[in-house]
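Quick notes on the structure that follows.
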């Protein structure tokens, strides 16, 4: 025997030693690659967020004019606001009131704004400069003034300090979003308007005030400065209500049935495969389906959040079913066996023992599914939700847009200098909503999580 | 089993909720709904807002996009409340579209012309200026051109090869895709006149554009064209006058036939590339959807679409009083578009 046991041991140790260094190197390499992947991902996300924040945050503050407006009785020549007299029928009163309102619409409200601005500037404004003067203020303000007066006619003859939105181009000029050194022919505002805007800004009459318009107004094209997210927000809210009301009960019920009750055979296998496939179907396909079935066949209205909600329900269902099944499957069989062992029926087992334990997972899955639906744009474009809507929808059947679609629409607005920032602001709002939904999901999971 | 009963009940509830939705949808729609040309959309939206603000008894109409062709296709889907009332178009309706409309029961197509729009060539402000002729554009864009009496594949890669007066810049032309009405005007007013100068190419062959990546077709709106110009500094884009006008700080406009596009030169017809804008009203809906006739008449009001109006500020080239009066008269007489 030339090779002793000792020699063999030595040999084995040497082999291990040799390969050890190599294996350590491998491990190090893998760790470094993993870390690099995470860092790259995080950097890209950080760049995205920072660029959106840098562009979007300034849009939450908007050039606003604070001036004293005199409700001049010479301009507002209007009968007294009709009051309901006794014995008058409701319809007769409404008719009288509508007539008065149309009268109020004919008053030259712009003249009140003009003279208020003239006072603020402190110079005589010639009539040929009127156009330059009007370019300062958002064109929606004359309607705002009318609505204010219609609500409170006692303002007649009074002077009130009002907050008026400056026009979009003034906002762009004040914030320096357009190159201030460009010559006149390339500027959106005339030299006179720019000079006035600077003067009013220096005098503190134009200030960058927090933009409530962004949250309280609907989209606007005739006065871009007043464009807001209110309509889109309500549209998204209605859609999410439809999605939650339909996809959560349907999805959870199907998942429970498939997981706990359905026999395991080729049919259920087929169903399972199809649900998984459905989750991978591009969302735009659901939009096409929705357009032809819900609108073409069932005759539901165009641009309605109800249809949007139905389409998004189809899209969310598989996500919720898969998440619910996974969370049911993660409940240890011992729980079921114990329940069955002490004489519970299968329904009792599922509803009294399994479901409560699976609830955190189901909630998380549902909320993530809904958050995904909230951010979905493509299918909505096909059912007419990319329309310009200037009403806040009161029901899920009224025309509306949705938050992600509003971002898409603003992104396409021709007034680039103003809407680039506005678009980023809308993205921030939408991201904020998504992050809070995700935070809610995490919180619920933490709160109800059971460990065994 | 209890489970099955629960599920059945749930199913019934869902179907009930759905059918409730359908039956409420069958109630009268009270808001005008339109779709179509993205060139007309800004104008129509402004009128819609002013209309909603002026008439408290009517809702603000809803304005969708989808291009002239897309809008007219929706318009011709039929009569009823889940079809649109108005199609906005940056070109006149085609006879095939009228036939399609009639087939689906839309017979009263009322055409309303409301102004003009100019189509301009613009490039980035930090590049050279262009003075284009239709012939230049055709030579830069065509699939084939003639050389020594023979048709050859387009050899040009730089503008100064097309004509020595043009800048030494790479040829990249960003044009609207065929879903846009603008494309038709581009072909009719620029490509075809340019094509006439070459005897060997005639008729439809003029529309053959080169496929080597120097022509970029944009199916979206003008912001997409602008983004192209941001990415490719040498590119020349096709825009509507109003879009260019609101982005003068980034774009410079090219002259065509030596004329600079502006409200005046387009209004007078001096600038060659312009077109009338239309919207089409569904006559069958006039008595069903409240405010449809009022909206149309409001649109044609001088205060709304005439000189000094908000639409002119937004870049529309207004019609003169006579044209506007005749458009209004034509609508009030309910003149239907003929199917040929």
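Protein chains in written order, with the numbering used here: chain A, 926 to 1377; chain B, 8 to 347. We put the CB at the ideal spot given by N, CA and C, even for glycine. Since we're looking at a predicted model, the values are computed, not measured.
From which residue to which residue does the beta strand (DSSP E) around residue 124 of chain B run? Per DSSP, residue 124 of chain B belongs to the beta strand (DSSP E) from 116 to 131.
Selection from B:271, B:182, B:339, B:335 that minimises the alpha carbon distance to residue 314 of chain B: In terms of CA proximity to residue 314 of chain B, B:271 leads the group B:271, B:182, B:339, B:335.
If residue 95 of chain B and residue 41 of chain B are in contact, beta carbons under 8 angstroms, what's the gap, nearest whole angstrom? With a Cβ gap of about 6 angstroms, residue 95 of chain B and residue 41 of chain B count as contacting.
Under 7 angstroms, CB to CB, which of the residues in the region 1029 to 1041 of chain A have a partner in chain B? Result list: 1030.
Please tell me whether residue 1169 of chain A and residue 988 of chain A are closer than 9 angstroms, where the distance is taken between their beta carbons. It is not a contact, given that the beta carbons lie outside the stated cut-off.
Given that residue 48 of chain B touches chain A, what residues does it touch there, using C-beta distances under 8 angstroms? For residue 48 of chain B, the residues of chain A that pass the 8 angstroms Cβ criterion are 1313, in the order they occur in the chain.
Can you list, in chain order, the residues of its chain whose CB lies under 7 angstroms from that of residue 1233 of chain A, leaving out five sequence neighbours each side? Cβ-Cβ distances below 7 angstroms link residue 1233 of chain A to 1164, 1305, 1308, 1310, 1327 in the same chain, with the five nearest sequence neighbours on each side left out; the list follows chain order.
For residue 53 of chain B, which residues in chain A fall below 8 angstroms Cβ to Cβ? Here the neighbours are 1146, 1147.
Here's a check: name, in chain order, each residue in its chain whose Cβ is nearer than 6 angstroms to the Cβ of residue 251 of chain B, leaving out the five neighbours to either side. For residue 251 of chain B, where only same-chain residues beyond five positions count, the Cβ hits under 6 angstroms are 127, 129, 258, 260.
Pair every Cβ in the region 194 to 211 of chain B with every Cβ in the region 236 to 243 of chain B, then say whether three or more of these pairs are closer than 8 angstroms. These segments do not touch.
Write down the C-beta distance between residue 1205 of chain A and residue 1246 of chain A rounded to the nearest angstrom, noting that I regard them as a contact closer than 8 angstroms. In fact, because the Cβ distance is near 13 angstroms, the residues do not count as touching under 8 angstroms.
Count the other CB atoms within 10 Å of the CB of residue 159 of chain B; is the residue buried (16 or more) or exposed (fewer)? A residue is called buried once 16 or more other Cβ atoms fall within 10 Å of its Cβ, and residue 159 of chain B, having fewer, is exposed.
Going by Cα to Cα distance, which pick from A:1197, A:1235, A:1231 is closest to residue 1250 of chain A? Sorting A:1197, A:1235, A:1231 by C-alpha distance to the C-alpha of residue 1250 of chain A places A:1197 at the top.
Would you check if the region 1027 to 1042 of chain A and the region 995 to 1011 of chain A touch, i.e. whether three or more CB-CB distances between them fall below 8 angstroms? Touching, per the Cβ criterion.
Supposed close pair residue 1286 of chain A, residue 1259 of chain A - CB separation, criterion 8 angstroms: About 18 angstroms; that fails the 8 angstroms criterion.
Through-space distance from residue 1086 of chain A to residue 1080 of chain A, alpha-carbon basis: Rounded to whole angstroms, residue 1080 of chain A to residue 1086 of chain A spans 12 angstroms at the Cα level.
Beta strand (DSSP E) segment containing residue 43 of chain B, residue limits: Annotation for residue 43 of chain B: the continuous beta strand (DSSP E) segment containing it runs 40 to 43.
Can the beta-carbon of residue 49 of chain B be found less than 9 angstroms from the beta-carbon of residue 1146 of chain A? Cβ distance < 9 angstroms, so residue 49 of chain B and residue 1146 of chain A count as in contact.
Do you know whose CA, among B:186, B:188, B:166, B:170, lies nearest residue 178 of chain B's CA? Relative to residue 178 of chain B, the option among B:186, B:188, B:166, B:170 whose CA is nearest is B:166.
When you compare the CB of residue 1142 of chain A with every CB in chain B, is at least one pair closer than 9 angstroms? No - not a single Cβ of chain B is within 9 angstroms of the one on residue 1142 of chain A.
DSSP state of residue 1122 of chain A mapped onto helix, strand, coil: In the structure shown, the three-state DSSP call for residue 1122 of chain A is helix.
Residue 1075 of chain A - DSSP class collapsed to helix/strand/coil: Helix.
Cross-chain neighbours of residue 1064 of chain A in chain B, by beta carbon under 8 angstroms: By Cβ distance, chain B contributes 317.
Report buried or exposed for residue 1212 of chain A, applying the criterion of at least 16 other Cβ atoms within 10 angstroms of its Cβ. When all chains shown are included, residue 1212 of chain A counts as buried.
Going by alpha carbons, who is nearest to residue 348 of chain B out of B:255, B:274, B:278? Because chain B is modelled from 8 through 347, residue 348 of chain B falls outside the range shown and cannot be assessed.
Where does residue 156 of chain B land, buried or exposed, given buried means 16+ other C-beta within 10 angstroms? It is exposed - the Cβ of residue 156 of chain B has fewer than 16 other Cβ atoms within 10 Å.
Measure from the C-beta of residue 250 of chain B to each C-beta in chain A and report whether the shortest distance is under 9 angstroms. True, the Cβ-Cβ gap to chain A drops below 9 angstroms.
Flag this pair as yes or no: are the beta carbons of residue 1139 of chain A and residue 1122 of chain A separated by less than 9 angstroms? Not a contact, by the Cβ cut-off of 9 angstroms.
Residues of the region 64 to 78 of chain B with a CB closer than 9 angstroms to any CB of chain A: list them in chain order, please. Within the region 64 to 78 of chain B, the residues whose Cβ lies closer than 9 angstroms to some Cβ of chain A are 64, 66, 67, 68, 69, 70, 71, 72, 73, listed in chain order.
Got a sec: is the Cβ-Cβ distance from residue 1316 of chain A to anything in chain B below 9 angstroms? At least one chain B Cβ lies under 9 angstroms of residue 1316 of chain A.
Assuming contact is defined by CB atoms lying nearer than 9 angstroms, are residue 1113 of chain A and residue 1316 of chain A in contact in what I supplied? Residue 1113 of chain A places its beta carbon 9 angstroms or farther from that of residue 1316 of chain A.
Step through the CB atoms of chain B and report whether any lies within less than 9 angstroms of the CB of residue 1160 of chain A. Taking a beta-carbon distance threshold of 9 angstroms, residue 1160 of chain A does not count as an interface residue toward chain B.
Please look up how many angstroms separate the CB atoms of residue 117 of chain B and residue 341 of chain B, rounded, as I've assumed it's under 8 angstroms. The pair is a contact, with the Cβ atoms about 6 angstroms apart (cut-off 8 angstroms).
Option in A:1054, A:1040, A:1026, A:1124 with minimal Cα separation from residue 1076 of chain A: Minimum Cα distance to residue 1076 of chain A is reached at A:1026.
Going by other Cβ atoms of all chains shown within 10 Å of its Cβ, with 16 needed for buried, is residue 292 of chain B buried or exposed? Burial call: buried.
Rounded distance between the beta-carbons of residue 1314 of chain A and residue 1228 of chain A, thought under 8 angstroms: The pair is a contact, with the Cβ atoms about 7 angstroms apart (cut-off 8 angstroms).
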